[in-house]
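Under this note's numbering, read the sequence shown as residues 98 to 620, first letter to last. Note that beta-carbon positions come from the ideal geometry of N, C-alpha and C, so glycine has one too. Since the structure comes first, as structure tokens, the remarks are kept for the end.
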Amino acid sequence: FLLSLERIEVVEGRLVIVTELAEGSLKDRFDQCLDNGKVGIPRDELLIYLSDAADALDFLTERFSLQHLDVKPENLLLLGGHVKVADFGLVKDVEQSQASLVGGLTPLYSAPEVFQGAPTRFSDQYSLAVLYTEMLTGAAPFDGSTPAELTLQHMHDEPELGRLPQTDRFVIARALAKDPRQRFPTCRDLVVALREGGFGGFGGAASVDAANSGAGATSGRETRPASTPSQDTRRTRGVVTEMFDDQLSGPPRVVSKSMLVEIAPRDNAAIRVLPPVQSEWSDFRPRPTLLLGIGGTAAAVMQHFRAATARRFGAESSVPCLQMLLLDCDQRTLLQATRSGAEDALSHDETLALPLKRPQEYRDRAANLGQWLSRRWLYNIPKSLRTEGLRPLGRLAMVDHARRIVQRIRFALDAATSNEALEASLASTSVPFVRNEVDVMIVASVAGGSGSGMSLDVGYAVRQALEKLPHLNATTTGIMLFSTGRDPRHCDLARVNGFSWLTEYNHFNRPGGGFPGDVSCGL
């Protein structure tokens, strides 16, 4: 079930490859089913196609130790009611440890180890499981919209299998295991397990020995009556959750009792209304302040602050000793924050856009960036040129625009502490600001790509700028926020960003772990 190559020759300086003519692809059949009002390809029919593909892929693996590495509906061609595997442009020998995988792969169907440049003999099985889920249910188990997001999901997230029949979920979950050794020994074993409703006796984990010997492998041509997705398991297309349904068959999750904390209710735990905090303001003298925000969450904080100052001193009043600067990679956030006519709107001078560049624009700097950033991030920058919540891209944006960021910070510090600012602020508030002093407040969410990725570097950039203003008595304070948001698809990414930020912060604050500096961004 491999598509045959009829002729290969060079015609007028161009390579021409002639193959046998197919009736269409599996993707064409899938689209036809959608046009007929179906969710996907009928299960019985799809299993026949899957079995043909499994035979071809196992043949490549067992006979030649090859992996196709680009298994997708467009590369499974229909011919006489069967499927033939085509397009061998990415075929690799899994016994060669130095196999190159730069470019060409399809992120939606690629196994986690392929993104790491280390394919195994079980990588095609992973792609086949993704393909089966999509062709049967109409939705892939991972819903990332960019290559970078899909890469992260394949490597860290659990697949969404709620649309599959219950008997299929455990089987596909095993084939989609992050550890290749936990998958089925062969692609044929995957098909047999699907036909037998997940109870085909394949209890052992995949192993190279089992794959080499063909233990447990069968042609899988006998077809049993297949169960179809019930109405309860069919969900609205596009709505994806992070975890399996509670009815997922397979071993139950065991929660360690040592991780549970029981807190007894307090006596007289009624809600009490506390009186306002009494503060003595007669001797209060505010210090000039720079409120430096990073990312969308910081934008909301700064807008609340702007609204509060407008209500206190009047919308037309100017308090130049209170400077604000909002940094973000997302132009939409900045446009929303500066919308005209709103009480909480920032001015355009108080924002700085930090868009990412296109991958080809980093080609000349790849060697320097490669000292701290994998080239895979450069190859998978989203088309939106935003971080899309990915922390490494947030720091990349900071490095790209470091000079502009430092210049704007210095400008804001000068504007907040100048004599003109002190006089104008006194006139607006009737409160004298302290001279030769300044506070810098850095606000960011460690759950987001921009805030988590660049806030520490921006903090050191502020310190570096203040060192060049020795006449100022300055303090720098970080206000780090964390929230997972309402979109369940991004919750895990937010947690990873937060944990990574805390790990890095802890490293810099331990003895001997100070910021080493980075010439790429002038720090």
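Length-filtered (4 minimum) alpha helix (DSSP H) runs lying within the stretch 444-515: Here the runs fully enclosed are 463-466, 472-476, 488-497, 499-514.
Beta-carbon contacts of G548 that lie in its chain and below 6 Å, excluding the five residues immediately before and after: I391, G392, A541, S542
Simplified DSSP assignment, three categories, for I145: helix
Host beta strand (DSSP E) of T574 (start-end): 570-578
C-alpha distance - G556 paired with A499, whole-angstrom precision: 12 Å
P385 vs A518 beta-carbon contact at 8 Å: For P385 and A518, yes; Cβs fall inside 8 Å.
Spatially closest choice to L449 from V616, V416, L432, R462, by CA coordinates: L432
Close Cβ partners of L419 (< 6 Å) along its chain, the five nearest in sequence each way excluded: T386
CB contact flag (T573, V559, <8 Å): yes
Whole-Å CB distance - L154 paired with H165, under 8 Å assumed: 6 Å
Segment contact flag, the stretch 157-176 with the stretch 200-216, C-beta cutoff 8 Å, min 3 pairs: By the Cβ rule, the stretch 157-176 counts as touching the stretch 200-216, because three or more pairs are nearer than 8 Å.
Closer than 7 Å: H165 CB and nearest the ligand NAP heavy atom: The ligand NAP is absent from the structure shown, which contains no ligands of any kind.
Cβ-based burial, D149 [other Cβ within 10 Å; buried from 16]: buried
Sub-8 Å separation of L553 and A494 beta-carbons: No, the pair does not count as a contact, with Cβ atoms beyond the cut-off.
Q628 classed as buried or exposed, judged by whether at least 16 other C-beta atoms fall within 10 angstroms: The displayed coordinates of the chain run from 98 to 620. Any statement about residue 628 would go beyond what the structure contains.
Cβ distance (whole Å) where A562 is taken to contact L510 below 8 Å: 6 Å
Residues near S346 in its chain [Cβ-Cβ closer than 8 Å; skip 5 each side]: Because the pLDDT at S346 is just 39, under 50, the model does not fix this residue reliably, and the value given afterwards should be weighed accordingly. The residues Q263, T264, R266, F267, G295, in chain order, have a CB closer than 8 Å to that of S346 in the same chain once the five nearest residues on each side in sequence are set aside.
Runs of alpha helix (DSSP H) lying entirely within the stretch 187-275, each at least 4 residues, in chain order: 209-212, 220-234, 244-253, 263-272
Rounded C-alpha distance that separates E458 from D425: One C-alpha to the other measures close to 20 Å.
Exposed unless 16 or more other CB atoms sit within 10 angstroms - verdict on K181: buried
CB of P456 within 8 Å of CB of G550, strictly: no
Local Cβ density within 10 Å of S522, reported as buried at 16 or more and exposed below that: Around the Cβ of S522, a 10 Å sphere holds 16 or more other Cβ atoms; the residue is buried.
Under the three-state DSSP convention, the category K565 falls into: In the displayed model, K565 falls within coil according to three-state DSSP, outside both helix and strand.
R260 classed as buried or exposed, judged by whether at least 16 other C-beta atoms fall within 10 angstroms: Taking every protein chain shown into account, the CB of R260 has 16 or more other CB atoms within 10 angstroms, so this residue is buried.
Cβ-based neighbour list, L143, same chain, cut-off 8 Å, excluding 5 preceding and 5 following: G137, Y229, M232, L233
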